[in-house]
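One structure is given here, and the rest of the page talks about it.
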Amino acid sequence: MRSLEGVYREYLREFSFPEYFGWNWAAFDECMKELEGQPAHAYLTIITRGGEVLSDEPEELSTFLRRLEEIGRRWSGAFAVGPAWGGGEVPFHTVVIDGSDTLDVPTTREDA
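Structure (structure tokens):
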């Protein structure tokens, strides 16, 4: 996932994005906020080798993290298809693991 295309490919594969996926941030948001083909009571994404994420396109890293935060917030809202699909929140979390001291994660939360 060193490039934006790599991020899209990984999420397309793991979350079974539809064939018409548009390979841009708007399409990524749409697919991640719907996940109709992947209903679950909770979502947990674990990203290993976090220091490599978007290392070829570092200007995209803060956008990627901000998008994940917004997607998580949306899933935790009342719209989500929680409790046995009758409605309610669905936990959506992303964990980034990196064994080096080189991971520089931009702050995305206003209160941080």
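Residue numbers are given in the UniProt record's numbering: position 71 of the sequence shown equals residue 71, and the series is strictly consecutive.
From the three backbone atoms N, C-alpha and C, an ideal C-beta is built for every residue, glycine too.
Identify every run of the beta strand (DSSP E) within the stretch 28-86, keeping only runs that are complete inside it and at least 3 residues long; order them along the chain. Runs found: 43-47.
Distance between Val90 and Ala42 (C-alpha atoms, nearest Å): Using only the alpha carbons, I get a separation of about 5 Å.
Between the beta-carbon of Ala53 and the beta-carbon of Leu44, is there less than 8 Å? Here residue 53 turns out to be Val, not Ala, going by the sequence shown. Their beta carbons are not under 8 Å apart, which means Val53 does not touch Leu44 by this criterion.
Using a Cβ-Cβ cutoff of less than 7 Å, which residues in the same chain neighbour Gly6 once the five nearest sequence positions on both sides are dropped? Hits under 7 Å: none found.
If distances are taken between C-alpha atoms only, which option among His93, Ile71, Phe92 comes closest to Lys33? Of the listed residues, the one whose Cα sits closest to Lys33 is Ile71.
Mark Trp23 as exposed unless 16 or more other C-beta atoms lie within 10 angstroms of its C-beta, in which case mark it buried. Trp23 should be labelled exposed.
Taking the Cβ atom as the reference point for each residue, do Asp56 and Arg13 lie within a distance shorter than 8 Å? Inclusion of Asp56 and Arg13 in the CB contact set at 8 Å is not warranted, their separation being larger than that value.
Cβ neighbours of Gly50 in the same chain (closer than 6 Å, five flanking residues each side left out): Short of 6 Å from the beta carbon of Gly50, and not among the five residues preceding or following it, lie these beta carbons of its own chain, in chain order: Val96, Ile97, Asp98, Leu103.
Neighbourhood of residue 142 by C-beta distance below 6 Å, restricted to the same chain and skipping five residues each side: This structure cannot speak to residue 142, because the chain is shown only from 1 to 112.
Let me confirm a value: Tyr8 is counted as buried when at least 16 other C-beta atoms fall within 10 Å, else exposed. Which label applies? With 16 or more other Cβ atoms from the protein chains shown falling within 10 Å of its own Cβ, Tyr8 counts as buried.
Report the residue from Tyr20, Ser16, Phe17, Trp25 whose alpha carbon sits nearest the alpha carbon of Thr63. Nearest option by C-alpha distance: Trp25.
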